[in-house]
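Residue numbers (this note's numbering), protein chains in the order written: chain L, 10 to 120; chain C, 33 to 145.
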């Protein structure tokens, strides 16, 4: 099956700093998503982004499908951004709904 | 609040037992997805139902089964439980058959002793 790798595994930022999280995937995809799991365990779907660029407030994501990677940008980080960020993908022939998750990037934003 | 509810929040049971986890999707959503999150396996997609029909199947064990009822709520049945089944089980719902957006419930934490 598809391999999804995320880097870095851990990240500590000062409030106000910017960061870039990376997701590499091993096959062509028809579905690529980013998620945030807050410290209390709640999961939130951030972006559906199999290709191109999207922005939502201080967060933006870019997927370069031909080179099999996606980036999540967090600008002016806040303590509420802390938690684990996951990317997940499904291969081009997989129907789009059988997401394989990466192991996540654990982000801690400090004052 | 995502609008997706899951019950129970916590469940402690013994090996060999059977449990049922329940999920009520957001109003109007036709798709329900089940996921397992464990320390060993990370986050894994288990199964998707769309409007009562199984739509996609992931790494779901044969001891596990699910269904979606006419009122669109879903149940995940776990049987012959093993210690390794201890995990957080999430349900998510979405409006479409294709997964481009989904809203997660708070999860059910299952502990098998």
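Glycine included, each C-beta is placed from N, C-alpha and C at the ideal position. Everything numeric in this text was worked out from a predicted model, so none of it was measured.
How would you list, in chain order, the residues of chain C whose beta-carbon sits under 7 Å from the beta-carbon of residue 107/L? Working through the first chain from its first residue, we reach residue 107/L at position 98. Neighbours of residue 107/L on chain C, chain order: 77, 88, 90.
Who are the neighbours of residue 52/L on chain C, taking C-beta pairs under 7 Å? The count along the first chain starts at 1 and reaches residue 52/L at position 43. In chain order: 122, 136.
Given residue 66/L, which residues of its chain have a CB within under 6 Å of its CB, disregarding the five upstream and five downstream residues? Position 57 of the first chain, counted from the start, is the residue given in the question as residue 66/L. Here the set comprises nothing.
In terms of residue numbering, what span does the beta strand (DSSP E) encompassing residue 107/C cover? As a position in the second chain, residue 107/C is number 75, starting the count at 1. Here the beta strand (DSSP E) through residue 107/C covers 106-110.
Assuming the contact rule is C-beta atoms closer than 8 Å, residue 15/L and residue 109/L should be a hit. Round their C-beta distance to whole Å, please. For the purposes of this step, residue 15/L is taken as the residue at position 6 of the first chain. For the purposes of this step, residue 109/L is taken as the residue at position 100 of the first chain. Wrong, their Cβ atoms sit about 12 Å apart, outside the cutoff.
Below 7 Å CB to CB, which residues in the same chain sit around residue 119/C once its five sequence neighbours on both sides are set aside? Sequence index remark: in the second chain, residue 119/C carries index 87 (1-based). So the list reads 68, 69, 70, 142, once near-sequence residues are dropped.
Coarse secondary structure for residue 137/C, derived from DSSP in three states: Within the second chain, numbered from 1, the residue matching residue 137/C stands at position 105. Coil.
What is the residue span of the beta strand (DSSP E) that residue 101/C lies within? Taking the first residue of the second chain as 1, we reach residue 101/C at position 69. Counting along the chain, residue 101/C falls outside any beta strand (DSSP E), and DSSP gives it neither H nor E.
Does DSSP classify residue 145/C as helix, strand or coil? The residue you call residue 145/C lines up with position 113 of the second chain. Three-state DSSP puts residue 145/C in coil, outside helix and strand.
Considering only DSSP beta bridges, list what residue 92/C is partnered with. Stepping through the second chain from its first residue, residue 92/C is reached at position 60. Looking at the DSSP assignment, residue 92/C forms no beta bridge with any residue, so it has no partner.
At the 8 Å Cβ level, is residue 61/L part of the contact set with chain C, yes or no? By 1-based counting over the first chain, the position of residue 61/L is 52. Not closer than 8 Å to any Cβ of chain C, the Cβ of residue 61/L fails to qualify, so no.
Buried or exposed for residue 78/C, going by 16 or more other Cβ atoms inside 10 Å? Indexing the second chain from 1 puts residue 78/C at position 46. Answer is buried; the Cβ neighbour count reaches 16.
When the Cα of residue 89/C is compared with those of 18/L, 25/L, 22/L, 104/L, which residue comes out closest? Within the second chain, residue 89/C is the residue found at index 57, counting from 1. Per the Cα distances, 104/L.
Listing by chain order, which chain C residues have their CB less than 9 Å from the CB of residue 71/L? Counted from its first residue, the first chain places residue 71/L at position 62. Ordered by position in chain C, no residue passes the 9 Å Cβ test against residue 71/L, which lies about 17 Å from the chain.
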